[in-house]
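>
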Amino acid sequence: LGQEQEADASAALFNEVRASAGLQHPNIVTVLDYGRVDLKGSLSANRRLAVGTPYLVMEFVPGRSLQSVVGRLRWERMREILVLLLDALAHSHAGGVIHRDLKPGNVLLRQAPLDADWDPASRDVVEQTEHVAVMPVKV
Numbered sequence: 016l017g018q019e020q021e022a023d024a025s026a027a028l029f030n031e032v033r034a035s036a037g038l039q040h041p042n043i044v045t046v047l048d049y050g051r052v053d054l055k056g057s058l059s060a061n062r063r064l065a066v067g068t069p070y071l072v073m074e075f076v077p078g079r080s081l082q083s084v085v086g087r088l089r090w091e092r093m094r095e096i097l098v099l100l101l102d103a104l105a106h107s108h109a110g111g112v113i114h115r116d117l118k119p120g121n122v123l124l125r126q127a128p129l130d131a132d133w134d135p136a137s138r139d140v141v142e143q144t145e146h147v148a149v150m151p152v153k154v
């Protein structure tokens, strides 16, 4: 990309992230911070991150992606997941944010809170999850 195109793409990314950061919904991953790597950050990363590199920090969502369980869902559970997903998308759209890369890999099945028996390797992981969490932006 040329410098002007890169600047436009960067501005578009930050506008999208800024809008997404304002969304508060139990089924949308929370944006915690975003910005550009400064000199101090670059040095602390042993210069593996160039100064000016954009970054996005989102909440950690324990669980796995919907992609990892595709084909193993009962219809009833899939319907529950879709209702939660549609609710999150409706909230996002009402806030002026359109998810432009919605796919099973960007839908997270959140581990049910305080569930000591939750096993991420289980074939029944979808039955053990409580919430859907949609990553808010295409990054």
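Numbering-wise (the numbering used here), the sequence shown opens with residue 16 and increments by one.
Idealized CB from N, CA, C, for every residue including glycine.
Near Leu-28, what residues of its chain come up, given a Cβ to Cβ distance below 7 Å and the 5 sequence neighbours on each side ignored?
Mapped onto the sequence shown, residue 28 falls at position 13. The residues are Pro-69.
> If you pair each beta-carbon of the segment 34-49 with each one of the segment 110-127, do three or more pairs fall below 8 Å?
As far as the Cβ criterion goes, the segment 34-49 touches the segment 110-127, which means the pair count is three or higher.
> Just checking, does the segment 41-49 make contact with the segment 94-109 on the three C-beta pairs under 8 Å criterion?
With a cut-off of 8 Å, the segment 94-109 and the segment 41-49 count as touching, because enough Cβ pairs lie within range.
> Quick check: what's the CA-CA separation for Asn-30 versus Gly-78?
As a working mapping, residue 30 is identified with position 15 in the sequence shown. As a working mapping, residue 78 is identified with position 63 in the sequence shown. Using only the alpha carbons, I get a separation of about 28 Å.
> What three-state label does DSSP hand Gln-126 in the structure shown?
Within the sequence shown, residue 126 is the residue found at index 111, counting from 1. It is a strand residue.
> DSSP three-state label for Ile-96, please.
Indexing the sequence shown from 1 puts residue 96 at position 81. Of the three classes helix, strand and coil, the one that applies to Ile-96 here is helix, per DSSP.
> Should the segment 74-91 be called in touch with the segment 112-126, which here means at least 3 C-beta pairs below 8 Å?
Yes, they touch.
> Taking the DSSP output, what are the residues bridged to Ser-83?
Position 68 of the sequence shown, counting from 1, holds the residue named residue 83. Paired residue(s): none; Ser-83 is not in a bridge.
> Under a three-way DSSP split, which group does Gly-110 fall into?
Taking the sequence shown and counting its residues from 1, one reaches residue 110 at position 95. Note: Gly-110 maps to coil in three-state DSSP.
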